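Student:
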């Protein structure tokens, strides 16, 4: 957080420190964020950007299946089967 406060946005870094929200989260699972061994309930879910929580296994599984098929991604028309 120090580099962010020093070089990117000093005003926001100072505000987060005053509110004691200057936490470096290393991972997230479901509705929880973790900094070291301390768990924090994520009550804002990235302001609506995470409707399924952090790292939902169902989403990662679906992405892995798509990746394993090695289907090329084309934006132009082709004779490929519908998605």
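Residue numbers (our numbering): 6 to 88. Glycine is no exception: its CB is placed at the ideal position from the N, C-alpha and C atoms. Being a predicted model, the structure only gives us computed values, none of them experimental.
Classify residue 42 as helix, strand or coil using the three-state DSSP reduction.
Tutor: If you number the chain shown from 1, residue 42 lands on position 37. The answer is coil: DSSP assigns residue 42 none of H, G, I, E or B.
Student: For a minimum of 3 consecutive residues, which ranges assigned as the beta strand (DSSP E) are wholly contained in the segment 48-86?
Tutor: Within the segment 48-86, complete beta strand (DSSP E) segments of at least 3 residues are not found at all.
Student: Excluding the five sequence neighbours on either side, which residues of its own chain have a C-beta within less than 8 angstroms of the C-beta of residue 11, listed in chain order?
Tutor: Taking the first residue of the chain shown as 1, we reach residue 11 at position 6. Annotation for residue 11: 18 place their beta carbon closer than 8 angstroms to its own, counting only its chain and skipping 5 residues before and after.
Student: Just how far apart, CA to CA, sit residue 21 and residue 29?
Tutor: Along the chain shown, read from residue 1 onward, the residue named residue 21 stands at position 16. Along the chain shown, read from residue 1 onward, the residue named residue 29 stands at position 24. Rounded to whole angstroms, residue 21 to residue 29 spans 11 angstroms at the Cα level.
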